[in-house]
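Report on one structure; see the data block that follows.
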Amino acid sequence: MKALATSMIALALVGLAGSLAQADEKIDKAKLIGTWKIVKADDADKGATFQFTKDGKVIVAQVDEDTGKKFAKEGTYALDGDKLTVVIKQGANDDKKVTFTITTLSADKLVLDNKDGKTMELEKVK
4 MKALATSMIA
14 LALVGLAGSL
24 AQADEKIDKA
34 KLIGTWKIVK
44 ADDADKGATF
54 QFTKDGKVIV
64 AQVDEDTGKK
74 FAKEGTYALD
84 GDKLTVVIKQ
94 GANDDKKVTF
104 TITTLSADKL
114 VLDNKDGKTM
124 ELEKVK
(Lines of atoms letter the chains of each structure in order from A and count residues from 1; the text may use other names and numbers.)
(Lines give C-alpha, C1' and ligand atoms only; values in the text may rest on other atoms or scores of the structure.)
Protein backbone atom coordinates (compact mmCIF):
# COMPACT_ATOMS: atom_id res chain seq x y z
CA MET A 1 0.00 0.00 0.00
CA LYS A 2 2.89 2.37 0.83
CA ALA A 3 4.54 1.51 -2.47
CA LEU A 4 1.32 2.37 -4.33
CA ALA A 5 0.99 5.72 -2.52
CA THR A 6 4.64 6.53 -3.19
CA SER A 7 4.20 5.67 -6.88
CA MET A 8 1.10 7.86 -7.15
CA ILE A 9 2.93 10.82 -5.56
CA ALA A 10 5.90 10.31 -7.89
CA LEU A 11 3.60 10.23 -10.93
CA ALA A 12 1.83 13.39 -9.77
CA LEU A 13 5.16 15.19 -9.33
CA VAL A 14 6.37 14.08 -12.76
CA GLY A 15 3.09 15.30 -14.30
CA LEU A 16 3.41 18.64 -12.49
CA ALA A 17 7.00 19.07 -13.64
CA GLY A 18 5.98 18.23 -17.20
CA SER A 19 3.15 20.77 -17.21
CA LEU A 20 5.44 23.43 -15.77
CA ALA A 21 7.98 22.75 -18.51
CA GLN A 22 5.22 23.05 -21.12
CA ALA A 23 4.12 26.39 -19.63
CA ASP A 24 7.67 27.73 -20.04
CA GLU A 25 7.90 26.44 -23.61
CA LYS A 26 4.79 28.25 -24.84
CA ILE A 27 6.45 31.71 -24.60
CA ASP A 28 8.31 32.19 -27.88
CA LYS A 29 10.79 35.06 -27.58
CA ALA A 30 10.82 35.47 -31.36
CA LYS A 31 7.12 36.48 -31.23
CA LEU A 32 7.98 39.26 -28.78
CA ILE A 33 10.45 40.93 -31.16
CA GLY A 34 8.95 43.99 -32.84
CA THR A 35 6.85 47.02 -31.94
CA TRP A 36 3.74 46.68 -29.78
CA LYS A 37 1.10 49.38 -29.20
CA ILE A 38 -0.97 49.57 -26.01
CA VAL A 39 -4.65 49.29 -26.93
CA LYS A 40 -6.11 48.71 -23.47
CA ALA A 41 -4.56 49.25 -20.05
CA ASP A 42 -5.58 49.62 -16.42
CA ASP A 43 -2.77 52.03 -15.58
CA ALA A 44 -0.73 52.87 -18.71
CA ASP A 45 -1.06 55.35 -21.56
CA LYS A 46 -3.08 54.00 -24.48
CA GLY A 47 -1.13 54.50 -27.67
CA ALA A 48 2.30 54.14 -26.08
CA THR A 49 4.55 51.62 -27.81
CA PHE A 50 7.15 49.09 -26.74
CA GLN A 51 9.78 48.08 -29.29
CA PHE A 52 11.59 44.85 -28.36
CA THR A 53 14.82 44.04 -30.22
CA LYS A 54 16.60 40.71 -30.71
CA ASP A 55 19.52 41.85 -28.56
CA GLY A 56 17.47 42.47 -25.39
CA LYS A 57 16.83 46.19 -25.77
CA VAL A 58 13.49 47.95 -25.44
CA ILE A 59 12.35 51.42 -26.47
CA VAL A 60 9.21 52.83 -24.86
CA ALA A 61 7.65 55.72 -26.81
CA GLN A 62 4.69 57.84 -25.76
CA VAL A 63 3.22 61.33 -25.94
CA ASP A 64 3.49 63.76 -23.02
CA GLU A 65 -0.10 64.55 -22.00
CA ASP A 66 0.75 68.13 -21.00
CA THR A 67 2.82 69.22 -24.00
CA GLY A 68 1.70 66.80 -26.71
CA LYS A 69 5.34 66.07 -27.55
CA LYS A 70 6.54 62.56 -28.32
CA PHE A 71 9.38 61.14 -26.27
CA ALA A 72 11.09 57.80 -25.89
CA LYS A 73 13.07 56.03 -23.19
CA GLU A 74 15.43 53.15 -23.71
CA GLY A 75 16.19 50.16 -21.57
CA THR A 76 16.58 46.41 -21.53
CA TYR A 77 14.33 43.42 -21.15
CA ALA A 78 14.71 39.79 -20.13
CA LEU A 79 12.35 36.87 -20.61
CA ASP A 80 12.34 34.04 -18.06
CA GLY A 81 9.52 31.56 -18.63
CA ASP A 82 6.37 33.68 -18.64
CA LYS A 83 8.06 36.56 -16.74
CA LEU A 84 9.05 39.64 -18.74
CA THR A 85 11.31 42.04 -16.84
CA VAL A 86 11.73 45.52 -18.32
CA VAL A 87 14.32 48.00 -16.99
CA ILE A 88 13.94 51.57 -18.31
CA LYS A 89 16.59 54.24 -17.81
CA GLN A 90 14.97 57.21 -16.04
CA GLY A 91 18.12 59.26 -15.55
CA ALA A 92 21.88 58.96 -15.08
CA ASN A 93 21.58 56.85 -11.93
CA ASP A 94 17.91 55.94 -11.90
CA ASP A 95 16.34 52.87 -13.51
CA LYS A 96 12.75 51.69 -13.27
CA LYS A 97 12.33 47.91 -13.17
CA VAL A 98 8.96 46.27 -13.80
CA THR A 99 8.20 42.57 -14.08
CA PHE A 100 5.16 41.43 -16.00
CA THR A 101 3.55 38.02 -16.40
CA ILE A 102 2.81 37.23 -20.03
CA THR A 103 -0.68 35.74 -20.17
CA THR A 104 -1.02 35.86 -23.97
CA LEU A 105 1.61 36.09 -26.70
CA SER A 106 0.62 35.44 -30.29
CA ALA A 107 1.77 36.85 -33.62
CA ASP A 108 -0.39 39.95 -33.12
CA LYS A 109 -1.51 40.10 -29.46
CA LEU A 110 0.40 40.52 -26.20
CA VAL A 111 -1.29 40.60 -22.79
CA LEU A 112 0.74 41.49 -19.70
CA ASP A 113 -0.22 41.47 -16.01
CA ASN A 114 1.81 43.35 -13.40
CA LYS A 115 2.33 42.39 -9.75
CA ASP A 116 -0.74 44.43 -8.74
CA GLY A 117 -2.96 42.42 -11.07
CA LYS A 118 -3.36 45.25 -13.58
CA THR A 119 -3.58 44.20 -17.22
CA MET A 120 -2.14 45.76 -20.36
CA GLU A 121 -3.18 44.59 -23.84
CA LEU A 122 -0.95 45.36 -26.82
CA GLU A 123 -1.23 44.79 -30.55
CA LYS A 124 1.68 44.21 -32.90
CA VAL A 125 2.40 47.21 -35.15
CA LYS A 126 2.71 46.04 -38.75
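Residue 101 in our numbering is what sits at position 98 of the sequence shown, and the numbering runs on without skipping anything. Using N, Cα and C, we set each Cβ at its ideal position, and we do this for glycine too. Here the structure is a predicted model, which is why all the values come from computation and not from measurement.
Grouping DSSP H, G and I as helix and E and B as strand, with all else coil, what is residue i?
{"i": "alanine 81", "result": "strand"}
{"i": "alanine 95", "result": "coil"}
{"i": "lysine 49", "result": "coil"}
{"i": "lysine 100", "result": "strand"}
{"i": "alanine 166", "result": "The question about residue 166 has no answer, for the chain in this structure spans 4 to 129."}
{"i": "lysine 34", "result": "helix"}
{"i": "threonine 70", "result": "coil"}
{"i": "lysine 86", "result": "strand"}
Which residues does DSSP list as the beta-bridge partners of residue i?
{"i": "alanine 64", "result": "Thr52 and Ala75"}
{"i": "leucine 113", "result": "Leu108 and Leu125"}
In whole angstroms, give me the CA-to-CA distance for residue i and residue j.
{"i": "isoleucine 41", "j": "asparagine 96", "result": "28 Å"}
{"i": "valine 128", "j": "lysine 73", "result": "17 Å"}
{"i": "serine 109", "j": "glutamine 93", "result": "30 Å"}
{"i": "aspartate 85", "j": "glycine 71", "result": "34 Å"}
{"i": "leucine 1", "j": "valine 101", "result": "There is simply no residue 1 to check, as the chain begins at 4 and stops at 129 in what is shown."}
{"i": "glutamate 124", "j": "threonine 107", "result": "9 Å"}
{"i": "glutamine 65", "j": "phenylalanine 55", "result": "15 Å"}
{"i": "tyrosine 80", "j": "aspartate 69", "result": "28 Å"}
At least one CB of chain E closer than 8 Å to the CB of residue i: is that the case?
{"i": "threonine 88", "result": "Looking at the structure shown, chain E is missing, and only one protein chain is on hand."}
By Cβ distance below 8 Å, which residues in the same chain neighbour residue i in space, the five residues on each side in sequence not counted?
{"i": "lysine 112", "result": "Glu124, Leu125, Glu126 and Lys127"}
Please list, in chain order, all residues of the same chain as residue i whose beta carbon is under 7 Å from its beta carbon, the five residues on each side excluded.
{"i": "isoleucine 30", "result": "Leu82, Gly84, Asp85, Ile105 and Leu108"}
{"i": "lysine 76", "result": "Val63, Ile91 and Lys92"}
{"i": "aspartate 67", "result": "Phe74"}
Considering only residues of the same chain and omitting the five flanking positions on each side of residue i, which have a CB-CB separation below 6 Å?
{"i": "leucine 87", "result": "Phe103 and Ile105"}
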